[in-house]
Amino acid sequence: MGTLKWTREEFEAYVLLYAAHCNYFETKEEEEYILSKVDETTFHKIHTEVVIDSDEDNLNKIQQYISENKLNQEEKEALLKDIKNVFFADGSVDVIEKKVFGLLKKIIS
Numbered sequence: 088m089g090t091l092k093w094t095r096e097e098f099e100a101y102v103l104l105y106a107a108h109c110n111y112f113e114t115k116e117e118e119e120y121i122l123s124k125v126d127e128t129t130f131h132k133i134h135t136e137v138v139i140d141s142d143e144d145n146l147n148k149i150q151q152y153i154s155e156n157k158l159n160q161e162e163k164e165a166l167l168k169d170i171k172n173v174f175f176a177d178g179s180v181d182v183i184e185k186k187v188f189g190l191l192k193k194i195i196s
């Protein structure tokens, strides 16, 4: 995998879309929350990438971006909060979402 050429907004869109898509079903509420954080063009551009990538690729790209871009603690905490908000957007968190949040928390923290 080469260097990721994402903007900060594209990275955030990727992480939040991965969170929404981790159980292979994105709710309207999850989409609306993500669109409140990133613009529609970025959303659609990154959405395709998230869906095409395997789970392993998704997690590797997130880990790579974080290691290359040195997020500070405040940025990491804000990102984890946004991920939680995606999971809770539809009013429930399933087993897969809980597992993925644990993985993302390890990668991001």
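For the sequence shown, position 68 (counting from the first letter as 1) is numbered 155 according to this note's numbering, and the numbering increases by one without interruption. The C-beta atom is built at its ideal place from N, Cα and C for all residues, glycine as well.
query                                                                                                                                    : result
When we look at the beta-carbon of E164 and count the other beta-carbons within 10 Å, is it buried (16 or more) or exposed?              : exposed
Does the structure place the region 186 to 193 close enough to the region 166 to 177 that three or more beta carbon pairs sit under 8 Å? : yes
Between E162 and D126, is the Cβ-Cβ spacing less than 9 Å?                                                                               : no
Using the C-alpha atoms, what's the distance from L158 back to E117?                                                                     : 24 Å
With distances taken from CA atoms, which of K124, D169 and N156 is nearest K92?                                                         : N156
Taking 9 Å as the CB-CB limit, is E96 close to chain B?                                                                                  : Although the question refers to chain B, the structure presented lacks it and comprises just one protein chain.
Could you tell me which of Y101, I194 and G89 sits nearest to K243, measuring between CA atoms?                                          : No information on residue 243 is available, as it lies outside the stretch 88 to 196 that the chain covers here.
Please say whether I149 and I121 have beta carbons closer to each other than 9 Å?                                                        : no
Throw me the rounded Cβ distance for the L103 and D181 pair, which I believe falls under 8 Å.                                            : Not confirmed; about 17 Å, so no contact.
Pop quiz: Y111 and V137 are said to be a contact at Cβ under 8 Å. What is the actual Cβ separation, rounded to whole angstroms?          : With 8 Å as the limit, Y111 and V137 do not qualify as a contact, their Cβ atoms being about 11 Å apart.
If you count every other CB in all the chains shown that lies within 10 Å of the CB of I133, and 16 or more means buried, which is it?   : buried
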